[in-house]
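In our numbering, the protein residues as written are 54 to 425.
Don't be surprised by glycine CBs; every beta carbon is placed ideally from N, CA and C.
For clarity, every value in this text was computed on a predicted model and none was experimentally measured.
Note sheet for the following structure.
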Ligand SMILES: [Fe+2]
């Protein structure tokens, strides 16, 4: 990729000099094209087929304190229940026309559940995950399996699984929801169905059945052979994520490989039946960077979203710089050059992206201008 000149732009079409009579005929022709819904390529190619992706989406940061305050307020003013279904507030990319799309493909929202509140069951073809930034005491029930939600946990609700939530805690709880809603919306692939209003399982086990079967390192149940498109694990508990990251950094200290870059540990949540991504449209990762560690600037096809779990960082996206603290969310539009530098205390970063879509379609590309 490095030999391609990405500054190379289309040569703009310049119409030959026309006489007034010719111009009148051209105007007539373009007017008629417009009337019957036609558009000539020579007038649109620059924006339609740019030399490299030029996303309408922009890089933007959402401040967690602001998000949380408004979620709290909506908890006071708006009941959760059938119809609206969830007290989830979508992050709207300022470049995407006011739609609740953080990218052309991805939805990100803060979801808020007050003590004792239940969110009724439903299912949809859109893939969903939750990442818990703070709190505990909520169980998400996925196809009748009660899955605990605790700080740092990553939870899956892959497409077409019934799911609802209930909160038995004395404190409200907030988490980040990620889905492929915009992708389904724009591609017209979405289906939705109501389930029971009362949750099918109101038990509060320490571990879900899916974890008891599937979340034992390197071990799979012989009773369930074969590959599944969606991960079989409902909850990736924080204790495992935290340990995996600590071990990478400890191995780095001892002079062994494991980290992705100096002072930068990273894990990807995977489907234990394939070793691949957890869902067909969404990739999720967790990154831990020591104080001052930095990622390599890169352009990538696809969209990323980061949320700071702990610590602080500076994100550089295109020409913009974002200071990030606990809970803050920032997105990287397709092909915008980005890198992240950890703050003075290091940073723990949750990340998700739509990369599996483009990898499957053979459209994935990356370019590191400074080399790898
Ligand atoms: Fe849902």
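Proximal residues to residue i (C-beta, below 6 Å), its chain only, five neighbours per side dropped
i, result
"residue 177", "245"
"residue 264", "288"
"residue 280", "326, 327"
"residue 418", "354"
"residue 231", "161, 182, 405"
"residue 122", "none"
Spatial distance of residue i from residue j (CA atoms)
i, j, result
"residue 68", "residue 79", "10 Å"
"residue 267", "residue 87", "57 Å"
"residue 298", "residue 221", "31 Å"
"residue 195", "residue 335", "18 Å"
"residue 399", "residue 375", "16 Å"
"residue 373", "residue 257", "45 Å"
"residue 226", "residue 327", "33 Å"
"residue 337", "residue 237", "19 Å"
"residue 120", "residue 160", "15 Å"
"residue 411", "residue 330", "13 Å"
"residue 66", "residue 101", "14 Å"
"residue 127", "residue 307", "49 Å"
"residue 212", "residue 97", "37 Å"
"residue 416", "residue 181", "23 Å"
"residue 38", "residue 99", "Residue numbering for the chain in the displayed model covers 54 to 425; residue 38 lies beyond these limits and cannot be assessed."
"residue 73", "residue 106", "38 Å"
"residue 170", "residue 133", "8 Å"
"residue 155", "residue 146", "5 Å"
"residue 206", "residue 151", "30 Å"
"residue 158", "residue 356", "8 Å"
"residue 371", "residue 179", "30 Å"
"residue 369", "residue 408", "20 Å"
"residue 277", "residue 324", "14 Å"
Presumed contact (8 Å Cβ cut-off) between residue i and residue j, rounded CB distance
i, j, result
"residue 402", "residue 362", "7 Å"
"residue 421", "residue 358", "Contact flag wrong, Cβ pair sits at about 21 Å."
"residue 250", "residue 219", "So it is not a contact: roughly 12 Å between Cβ atoms."
"residue 345", "residue 366", "In fact, because the Cβ distance is near 11 Å, the residues do not count as touching under 8 Å."
"residue 140", "residue 165", "5 Å"
"residue 316", "residue 348", "About 10 Å; that fails the 8 Å criterion."
"residue 209", "residue 202", "The Cβ separation is near 12 Å, so there is no contact."
Own chain partners of residue i with C-beta closer than 7 Å, once the 5 adjacent residues on each side are dropped
i, result
"residue 305", "311, 312"
"residue 109", "148, 149"
"residue 124", "142, 163, 165, 227"
Neighbourhood of residue i by C-beta distance below 8 Å, restricted to the same chain and skipping five residues each side
i, result
"residue 224", "168, 188, 190"
"residue 71", "79"
"residue 423", "349, 350"
Starting from the N-terminal side, write out each stretch of the beta strand (DSSP E) that is 3 residues or longer and does not extend beyond the region 121-159.
141-143
Within the chosen definition, does the region 375-384 reach the region 112-122 through at least 3 CB pairs nearer than 8 Å?
yes
Length-filtered (4 minimum) alpha helix (DSSP H) runs lying within the region 210-255:
234-240
Counting only runs of 3+ residues fully inside the region 257-320, write out the beta strand (DSSP E) ranges in chain order.
none
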